[in-house]
Every structure is written in C-alpha cells, then in structure tokens.
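In what follows, a single structure is set out as structure tokens and then discussed.
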Amino acid sequence: MRISHNKKRNYQYCISARRGNRVVSRQILKKEHIITDRLTLGPYRKEDRERLKEMMQNPKITATFMVPDYCDEVQFYALADKLIEFSQINDTIHLEYGIYLDGYMIGFVNDSGYDDETIELGYVIDPAFQGRGFATEAVNAVINELREMGFKKVVADFFEENIGSRKVMEKCGMHLNGNSDYVEYRGKKFKCYECEMEL
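Just so we're aligned: 111 in UniProt numbering is position 111 of the sequence shown, and the numbers increase by one with no gaps anywhere.
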C-alpha cells in the first residue's frame, strides 16, 4: 500500500502522479537485473503492458494497493506505459522493478517517495502467486540494493486489514514505528500503519 510521504500526509496519492516533477539531489541507479533464488527483478518489457493493466484492474490488488479508479482502459494503458518508462535503467529518478518468475511477471516493487536518506516502498504480488514467499524475497533483494545505494532508512505502509503485507514487512526486518493515520480510498476509510527499518 502506498501513501505519499509529506507533512500534510496527502492520502489521495495516486500511482499515476507519485513522482511528477520531483526535485531530488540523489539519483536512483538501478541494476539491470537483480537475481534471487527464484526471481529476477528488472525493467518491464513492452510486452508486459497488458499484464500491468490487468494487475492494476485486479480487485484483489486494488483493495489494498492504491491505484486510480479509472473508467477508461486507455488511462490504464497510459499508466502502464509510464511505469514501463520509469523502470528502464536510464531513468534515474524512479525505483521501479518488475518481479519475474521464470520470465513471467508476477508483481512489482517501486518507490512512493524518497529524500536523500529515506525511501518508501510499495509492492504487489499477483494474488495467484501469493503465499509462497515471493514478496518477501523480492522486497529483501530491493532493500539490499537500497543499502548499496546509500539510503539510511526504508519505510512502508499497510492497511490495517492487510495482514499479509505487514508480515512481509516484518519478515524483511521492518517494525511498526508508531505512526498511523486514516486514509480515504475509493469511498472508504482505512486505518494505515507504518513500518520502517534502518539500513
């Protein structure tokens, strides 16, 4: 679940606008690929466009991961195109990795905001592939990458009902930091908690 990280805590954050005209002094120097025991993390391929659109329209995903509630498929395709662009190695502003199992995209990890020391992560695993440790494996790999990049802290937020996401955060070494708030999303209010870890 992703929440924009600013002093006003603007919870109407949308994936499509999360990094508009960001001014930052650090660059995100992504690796072309990150290889784990079972997964490969890397830039999206053009053929992943349809898959990204499907995932962003999956009600099991959008129940806990904040995605714009578009009415028009063209908007979802435009968003998918933007994410593909963000994930490319020559983009040094965005942290965006597709998660691949045997060449098939099963999810993604990305940032929902950062400054020179702290980065906030969001992640999604297709519900058909959940419960097998893939999110933990991917997020751990990205955390190691962020440590190498020089970040000092990672934070992530989850809806109170999303116990699975909280467990992933805890397995990756994060802990509740005492921050919580309510977010309005798709006409409902959700209580959100924040986890963090020092790198």
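The beta-carbon is built from N, C-alpha and C at its ideal position, and this holds for glycine as well.
Keep in mind that this is a model prediction, so the values were computed, not measured.
Beta-carbon separation of Leu-41 and Ala-141 under 8 Å?
Indexing the sequence shown from 1 puts residue 41 at position 41. Indexing the sequence shown from 1 puts residue 141 at position 141. Cβ distance < 8 Å, so Leu-41 and Ala-141 count as in contact.
Tell me, to the nearest whole angstrom, how far the beta carbon of Gly-113 is from that of Glu-120; I am working on the premise that it is less than 8 Å.
Position 113 of the sequence shown holds residue 113. Position 120 of the sequence shown holds residue 120. Contact flag correct, Cβ pair sits at about 5 Å.
Can you check DSSP and say which residues form a bridge with Cys-192?
Here the question's residue 192 lines up with position 192 in the sequence shown. In the DSSP output, where bridge partners are listed per residue, Cys-192 has Phe-159, Asp-181.
Closer than 8 Å is the cut-off here; do at least three beta carbon pairs connect the region 94-102 with the region 60-77?
No, the region 94-102 does not touch the region 60-77.
Tell me the rounded alpha-carbon separation between Leu-83 and Asn-110.
The count along the sequence shown starts at 1 and reaches residue 83 at position 83. The count along the sequence shown starts at 1 and reaches residue 110 at position 110. Their Cα atoms are separated by approximately 10 Å.
Check for me: the beta strand (DSSP E) holding Ile-125 runs from which residue to which?
Along the sequence shown, read from residue 1 onward, the residue named residue 125 stands at position 125. Per DSSP, Ile-125 belongs to the beta strand (DSSP E) from 118-125.
Write down every uninterrupted run of the beta strand (DSSP E) in the region 76-135 whose length is 3 residues or greater and which is fully enclosed by it, in chain order.
List check, beta strand (DSSP E) in window: 96-101, 104-114, 118-125.
Near Lys-46, what residues of its chain come up, given a Cβ to Cβ distance below 6 Å and the 5 sequence neighbours on each side ignored?
Within the sequence shown, numbered from 1, the residue matching residue 46 stands at position 46. Excluding positions up to five away in sequence, the list is empty.
With a threshold of 16 other CB atoms inside 10 Å of the CB of Ile-35, please say whether the residue is buried or exposed.
Along the sequence shown, read from residue 1 onward, the residue named residue 35 stands at position 35. Per the 10 Å Cβ criterion, exposed.
Let me check understanding here. Comparing Cα to Cα, which of Glu-73, Phe-65, Pro-127 lies closest to Ala-156?
Translated into the one-based positions of the sequence shown, residue 156 becomes position 156. Nearest option by C-alpha distance: Phe-65.
Got a sec, what are the start and stop residues for the beta strand (DSSP E) Thr-40 sits in?
For the purposes of this step, residue 40 is identified with residue 40 of the sequence shown, where counting begins at 1. 40-42 is the extent of the beta strand (DSSP E) around Thr-40.
Identify which residue in Met-169, Pro-68, Gly-133 has its Cα closest to the Cα of Gly-187.
Translated into the one-based positions of the sequence shown, residue 187 becomes position 187. Nearest of Met-169, Pro-68, Gly-133 to Gly-187, Cα basis: Pro-68.
Would a C-beta distance cut-off of 8 Å place Phe-134 and Gly-107 closer than the cut-off?
For the purposes of this step, residue 134 is identified with residue 134 of the sequence shown, where counting begins at 1. For the purposes of this step, residue 107 is identified with residue 107 of the sequence shown, where counting begins at 1. Yes, Cβ-Cβ distance for Phe-134 and Gly-107 is below 8 Å.
Which residues in the same chain have their Cβ closer than 8 Å to the Cβ of Arg-166, if we skip the five residues on either side of it in sequence?
Indexing the sequence shown from 1 puts residue 166 at position 166. Cβ neighbours of Arg-166 beyond the five flanking positions: Phe-158, Tyr-193, Cys-195.
Between Ala-138 and Asn-162, what straight-line distance do the alpha-carbon atoms span, to the nearest angstrom?
One-based indexing of the sequence shown puts residue 138 at position 138. One-based indexing of the sequence shown puts residue 162 at position 162. So the two alpha carbons sit approximately 18 Å from each other.
Nearest-angstrom Cα distance between Ile-125 and Asp-91?
Sequence index remark: in the sequence shown, residue 125 carries index 125 (1-based). Sequence index remark: in the sequence shown, residue 91 carries index 91 (1-based). Roughly 23 Å between the two C-alpha positions.
Using C-beta distances below 8 Å, list every residue in its chain close to Lys-153, excluding the 5 sequence neighbours before and after it, in chain order.
The residue given as residue 153 occupies position 153 in the sequence shown. Excluding residues within five positions, the ones whose Cβ falls inside 8 Å are Glu-117, Thr-118, Ile-119, Glu-196, Met-197, Glu-198, Leu-199.
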